[in-house]
Ligand SMILES: *Cc1c(COP(=O)(O)O)cnc(C)c1O
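Numbering (my numbering), first residue to last: 7 to 376.
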């Protein structure tokens with residue numbers, strides 16, 4: 007079986023796949039209302055919030071767009087904290103809708119520092135701050151707790167968070183951190199296919215929504231909130247994915263949020279130690295290395311495309327390449343959602359084979375474990 011080790015879409019458990027093939031139901035009927043209610047309740051322990059949770063049918067980028075267009079107006083000053091490709095995308099969406107975006111960036115591979123956020127906030131006045139919790143393109147997790155504390159201490163800005171690849175896998179205490187819109191997508195930590203997106207929206211964000219004039223129709227979150235109160239979505243939802251999510255959230259409730267977070271932390275460590283034992287260097291600043299995706303530098307003299315190509319074609323193991331300016335320079339190993347230790351040790355074994363095939367001098371396993 008293919009070992010799909012990209013940071014989304016991620017593999018789905020067999021009973022989730024089975025659930026996906028169930029017959030359609032009326033999305034305006036009582037069965038769907040029950041389903042929507044169960045799924046929303048199942049998400050809540052991971053979002054750790056009392057805020058409204060809405061579940062539009064779109065990908066992660068769609069719900070990032072929703073976070074922006076539902077809270078902002080053209081011309082609004084927005085601070086973008088970007089540490090990679092997805093942070094850049096968040097800023098670009100805001101700019102596309104006419105926000106006046108100021109960028110704070112860290113060198114790719116590094117996290118944002120609370121101090122640089124403080125400095126930026128003191129130099130300007132912002133309606134919102136955009137931040138990526140877990141930057142999937144570089145394998146870095148921002149210290150969102152301390153950063154959100156700085157944002158709240160220094161400003162009145164809305165905190166809009168891309169938690170697409172962290173929610174459900176690591177703690178994101180939405181209410182404790184005072185996050186206003188937090189978004190994620192079904193194909194990352196949720197053990198289901200792409201198709202649904204989820205957002206938690208604070209009271210402060212709904213207040214901003216009242217005067218926000220960026221255009222929106224399909225992604226109008228207020229419509230989603232109003233319809234959810236009636237057990238519906240404004241438009242036809244991805245019912246099949248909702249069936250799957252109903253099952254995966256039962257698994258997740260059974261395992262428990264804390265145990266899931268601990269599993270991700272443990273497995274991420276297996277990934278990082280595994281690549282280091284092969285003589286490879288993780289790309290991310292170790293202090294902020296992600297628990298859901300490990301980015302690894304392609305060693306000198308090795309063709310990154312050849313590496314991922316051989317892993318795929320000869321060993322049925324699918325790794326992700328680098329995005330944007332990191333194309334060919336790194337590869338990425340996803341370890342989120344329905345993943346266990348063996349999935350990663352298998353992938354590390356494959357990497358050893360691939361590197362050997364490419365005549366790269368891999369340290370002997372015995373030496374590596376000392
Ligand atoms: C995957 C991902 C997205 C984009 O999601 P799509 O579903 O591909 O639109 C956004 N942000 C982060 C951090 C991601 O990992």
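Glycine residues also receive a C-beta, built at the ideal position from the N, C-alpha and C atoms.
Check: residue i C-beta below 8 Å from any heavy atom of ligand 1
i           : result
residue 168 : yes
residue 140 : yes
residue 95  : yes
residue 395 : No answer is possible for residue 395: it lies beyond the span of the chain, which begins at 7 and ends at 376.
residue 176 : no
residue 88  : no
residue 70  : yes
residue 14  : yes
residue 191 : yes
residue 200 : yes
residue 133 : no
residue 66  : yes
residue 194 : yes
residue 161 : no
residue 154 : no
residue 208 : no
residue 27  : no
residue 171 : yes
Residue i CB to nearest heavy atom of ligand 2 below 8 Å
i          : result
residue 22 : This structure simply doesn't include ligand 2; it includes ligand 1 instead.
Backbone secondary structure at residue i - three-state DSSP
i           : result
residue 330 : helix
residue 6   : Missing from the structure shown is residue 6; the chain here goes from 7 to 376 and no further.
residue 374 : In this prediction, residue 374 scores a pLDDT of 47, lower than 50, which makes its location untrustworthy; no coordinate-derived value is stated.
residue 66  : helix
residue 368 : coil
residue 46  : helix
residue 342 : coil
residue 41  : helix
residue 134 : strand
residue 9   : strand
residue 325 : strand
residue 295 : strand
residue 17  : coil
residue 360 : helix
residue 80  : coil
residue 51  : helix
residue 309 : coil
residue 36  : helix
residue 314 : helix
residue 267 : helix
residue 74  : helix
Residue(s) in a DSSP beta bridge with residue i
i           : result
residue 352 : Partner(s): none; residue 352 has no beta bridge.
residue 141 : 146
residue 288 : 302
residue 336 : 303
residue 122 : None; residue 122 has no bridge partner.
residue 275 : The partner list for residue 275 (beta bridge, DSSP) is empty, contrary to what the question assumes.
residue 173 : 176
residue 116 : 114
Delimiting residues of the alpha helix (DSSP H) encompassing residue i
i           : result
residue 229 : 227-234
residue 157 : 150-160
residue 109 : Where residue 109 is concerned, there is no enclosing alpha helix (DSSP H), although the beta strand (DSSP E) it sits in stretches over 106-111.
residue 249 : 245-261
residue 102 : 91-102
Residue range of the beta strand (DSSP E) that includes residue i
i           : result
residue 59  : 58-60
residue 86  : 83-88
residue 168 : 164-168
Proximity test, Cβ basis, 9 Å: residue i and chain B
i           : result
residue 188 : Looking for chain B here will not work: only one protein chain is present.
For a minimum of 3 consecutive residues, which ranges assigned as the beta strand (DSSP E) are wholly contained in the segment 181-224?
Runs of the beta strand (DSSP E) inside the segment 181-224: 187-191, 203-207.
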